[in-house]
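Read through the structure below, which is laid out as structure tokens, and then see the notes.
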Amino acid sequence: MRRQAPESTHAGFNTTGTLTAVLLYYISSTVVILLKPNPSSGVPIYLQLMEQVKHAIETGALKPGEQLPSIRPLAEELVINPNTVAKAYRELEHEGVIELRQGAGAFVSAGAATKKDAERLQAAQGLVAQGIERLRARGITDEEIRRLVEAELAGIRMGGRRE
Amino acid sequence: MSDVIETAGLWKVYEDVEALQGLDLRVPQGSIFGFLGRNGAGKTTTIKVLLGMARPTRGEARVFGQSPFDAQSGVDIRRRVAFVSDEKDLYDYMTVGEIIAFTRSFYPRWRNDLEQQYLRKFELAPGRVIRGLSRGTRTKVALLLALCRGAELLMLDEPTSGLDPAMAEDVLQSLVAHVGREASTVFFSSHQLSEVEQIADHVAIIESGQTVVSGPLDELRAQYQRIELVFEGDAPDIRVHAPGKHRVRRKGRVLTVLTGPPKGGPSQVNAAGSSHATAVVEELRGYRPTSIDVTPVTLKDIFLESVKTEE
């Protein structure tokens, strides 16, 4: 642990106390927030990791401005490829969820909380699109889908079973 | 990213066995590369060629851009590569401490800090004689010797075979740490596909001495999808015309299509291929199923699909 600490933390941090605090933060955040991905689910590990980080931000377990574990300790902790962690972080940065600061590490974006809504809606849109596709595949017309959705929202269960 | 291992049209013929039949392989620097194939597919022969232990009948093999069969570069390669064989052959009469001291004497770049770290982590007692060690502990000793050499390329032949899940996880963790620590590369063969999925970012699947699938794991996965259709009556007997390789299975009212990239096409995967499942779904919709579900596939699915002989 002592060997890798200076590389994985910030340039200006040289007092033992701060260093220990940062290391403790890594350890606790890694253990508390991020779980080992399931390699055999068919879902790429970087996507699972991205979901976990987003979920942690949504629940408030990670707050804007807070630091994420750095790549190598996290890869070791989760026993996954460091390149996979790096890929997840790059994608999260691309989506504006986190910021990668040169030499300092990854931080939850200040705007992550506000972007959350737009993103949630985007994700929900995807679910709706999938649902509609499946209903159409079952031969249900668009008009029927509309009626079903409205009925569901109105709290009326149309006979049959719910999934 | 440059390639630390590169082979082109590699052939190896033993007596009357064609162990390698034009194998193409590219292992990018800094990757954890899973080398997969059934027993007898040519994995061990490939490793032997790369280490300069078996001369190919024809074709090219390069490690760090150099030939393993040139006297001078061969020495350089063996200095920069650490190999952990399937047998984990160690001097049986030595103790753990003795074999460490013995090996250390050959390598000026030996990492004493890592030696201490892995002795603790692997819970190895320096006084124990190698002969009396379990398979798992032998593996850990062999791995410690490889990790402490400061090698740029670690080659391992089935590093976790015969290990319990906790020991296997320790081994995988040490490989992940190794790649993260320096700009090193790990190339390992394995039958444990879930482990490969867990730590590898690149894979190659070989069959009958040829590469049948290779590329970044995430891109490979995006190219394969399982599509399940349910019909009102018996599932129709269909042929998929959309490009790609498709395996169709019918069972009662259910039809399952496993769709992948075109057979005989380039074995290297390009990133653009992910939408071809959409074309297949579009085509299948024409048969008016009552439901269509698209689910992701695992490395095991891809493996079984790639190495199966034609039915």
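These protein sequence lines are chains A and B, in that order.
Counted the way the working numbering counts, the first sequence spans residues 1 to 163.
Counted the way the working numbering counts, the second sequence spans residues 1001 to 1311.
In this text, a Cβ means the ideal position worked out from N, Cα and C, and glycines have one as well.
Every value quoted in this text rests on a predicted model; they were computed, and no experiment measured them.
Would you identify the three-state DSSP class for residue i, choosing helix, strand or coil?
{"i": "E119 of chain A", "result": "helix"}
{"i": "H1241 of chain B", "result": "coil"}
{"i": "E1232 of chain B", "result": "coil"}
{"i": "P1028 of chain B", "result": "strand"}
{"i": "V1212 of chain B", "result": "strand"}
{"i": "L1156 of chain B", "result": "strand"}
{"i": "Q67 of chain A", "result": "strand"}
{"i": "V1096 of chain B", "result": "helix"}
{"i": "L1051 of chain B", "result": "coil"}
{"i": "V1063 of chain B", "result": "strand"}
{"i": "A1204 of chain B", "result": "strand"}
{"i": "G159 of chain A", "result": "Confidence at G159 of chain A is low in this model, with a pLDDT of 44, below 50, so its placement is unreliable and the value that follows should be read with caution. Reduced to three states, the DSSP call for G159 of chain A is coil."}
{"i": "A61 of chain A", "result": "coil"}
{"i": "L34 of chain A", "result": "coil"}
{"i": "F1033 of chain B", "result": "strand"}
{"i": "V1248 of chain B", "result": "strand"}
{"i": "E166 of chain A", "result": "This structure cannot speak to residue 166 of chain A, because chain A is shown only from 1 to 163."}
{"i": "R1038 of chain B", "result": "coil"}
{"i": "V1017 of chain B", "result": "strand"}
{"i": "Q1127 of chain B", "result": "The sequence given here places Gly at residue 1127 of chain B; Gln does not occur at that position. Coil."}
{"i": "S127 of chain A", "result": "Correcting the residue type first, residue 127 of chain A is Leu in the shown sequence and not Ser. L127 of chain A: helix per DSSP, three-state reduction."}
{"i": "P1296 of chain B", "result": "strand"}
{"i": "R1109 of chain B", "result": "coil"}
{"i": "R1104 of chain B", "result": "helix"}
{"i": "L24 of chain A", "result": "Here L24 of chain A scores only 42 on pLDDT, less than 50, and its place in the model should not be relied on; the value that follows carries that caveat. If DSSP states are grouped into helix, strand and coil, L24 of chain A belongs with the helices."}
{"i": "G139 of chain A", "result": "coil"}
{"i": "G1022 of chain B", "result": "strand"}
{"i": "R1285 of chain B", "result": "helix"}
Give the range of the alpha helix (DSSP H) segment to which residue i is assigned.
{"i": "L1144 of chain B", "result": "1135–1148"}
{"i": "I1302 of chain B", "result": "1299–1307"}
{"i": "S1194 of chain B", "result": "1193–1199"}
{"i": "G42 of chain A", "result": "Taken as a continuous stretch (DSSP letters only), G42 of chain A belongs to no alpha helix (DSSP H), as it is neither H nor E."}
{"i": "P82 of chain A", "result": "82–94"}
{"i": "E143 of chain A", "result": "142–153"}
{"i": "D1218 of chain B", "result": "1217–1223"}
Give a yes or no on whether the C-beta atoms belonging to residue i and residue j are separated by under 7 angstroms.
{"i": "V1230 of chain B", "j": "V1248 of chain B", "result": "no"}
{"i": "T1256 of chain B", "j": "G1244 of chain B", "result": "no"}
{"i": "V79 of chain A", "j": "Q1173 of chain B", "result": "yes"}
{"i": "A1166 of chain B", "j": "V1084 of chain B", "result": "no"}
{"i": "R1062 of chain B", "j": "W1011 of chain B", "result": "no"}
{"i": "G131 of chain A", "j": "P1296 of chain B", "result": "no"}
{"i": "S1306 of chain B", "j": "V1171 of chain B", "result": "no"}
{"i": "V1261 of chain B", "j": "Q1225 of chain B", "result": "According to the sequence provided, residue 1261 of chain B is Pro. The question's Val does not apply to it. Result no, Cβ atoms of P1261 of chain B and Q1225 of chain B do not sit closer than 7 angstroms."}
{"i": "A1082 of chain B", "j": "A1146 of chain B", "result": "yes"}
{"i": "R1221 of chain B", "j": "P82 of chain A", "result": "no"}
{"i": "V85 of chain A", "j": "I98 of chain A", "result": "no"}
{"i": "F1188 of chain B", "j": "L1156 of chain B", "result": "yes"}
Can you give the beta carbon distance from residue i to residue j, rounded, assuming they're within the 8 angstroms contact cut?
{"i": "A88 of chain A", "j": "Y46 of chain A", "result": "4 angstroms"}
{"i": "P1056 of chain B", "j": "L1020 of chain B", "result": "7 angstroms"}
{"i": "L92 of chain A", "j": "M50 of chain A", "result": "6 angstroms"}
{"i": "C1148 of chain B", "j": "L1193 of chain B", "result": "With a Cβ gap of about 29 angstroms, C1148 of chain B and L1193 of chain B do not count as contacting."}
{"i": "Q52 of chain A", "j": "L68 of chain A", "result": "Not really, about 11 angstroms apart at Cβ, beyond 8 angstroms."}
{"i": "T1298 of chain B", "j": "S40 of chain A", "result": "5 angstroms"}
{"i": "R1080 of chain B", "j": "E1006 of chain B", "result": "Going by Cβ atoms, the distance from R1080 of chain B to E1006 of chain B rounds to 15 angstroms, so no, they are not a contact pair."}
{"i": "R134 of chain A", "j": "I1292 of chain B", "result": "7 angstroms"}
{"i": "P73 of chain A", "j": "A112 of chain A", "result": "That belief does not hold up - the Cβ atoms of P73 of chain A and A112 of chain A are roughly 22 angstroms apart, past 8 angstroms."}
Specify, as a first and last residue, the run of the beta strand (DSSP E) that residue i falls within.
{"i": "P1165 of chain B", "result": "Careful: P1165 of chain B lies outside any beta strand (DSSP E), inside the alpha helix (DSSP H) at 1165–1181."}
{"i": "S1189 of chain B", "result": "1185–1189"}
{"i": "D1003 of chain B", "result": "1003–1014"}
{"i": "S109 of chain A", "result": "First-last for S109 of chain A: undefined, no H or E at that position."}
{"i": "E1123 of chain B", "result": "Counting along the chain, E1123 of chain B falls outside any beta strand (DSSP E), and DSSP gives it neither H nor E."}
{"i": "A1082 of chain B", "result": "1081–1084"}
{"i": "T1259 of chain B", "result": "1254–1260"}
Along chain C, which residues have their Cβ under 7 angstroms away from the Cβ of residue i?
{"i": "S40 of chain A", "result": "Included in the structure are the protein chains A and B, with no chain C among them."}
Open item on the list: With a threshold of 8 angstroms, are at least 3 pairs of Cβ atoms found where one atom belongs to the region 1194–1214 of chain B and the other to the region 1025–1034 of chain B?
Closed with: yes
TODO: Could you tell me whether the region 1182–1189 of chain B touches the region 1203–1219 of chain B, where touching means 3 or more Cβ pairs closer than 8 angstroms?
DONE: no
Open item on the list: Quick test of the definition: if touching needs 3 or more C-beta pairs under 8 angstroms, does the region 1097–1109 of chain B touch the region 1155–1162 of chain B?
Closed with: no
- [ ] Inspect the CB distances between the region 1117–1131 of chain B and the region 1042–1055 of chain B and report whether three or more fall short of 8 angstroms.
- [x] no
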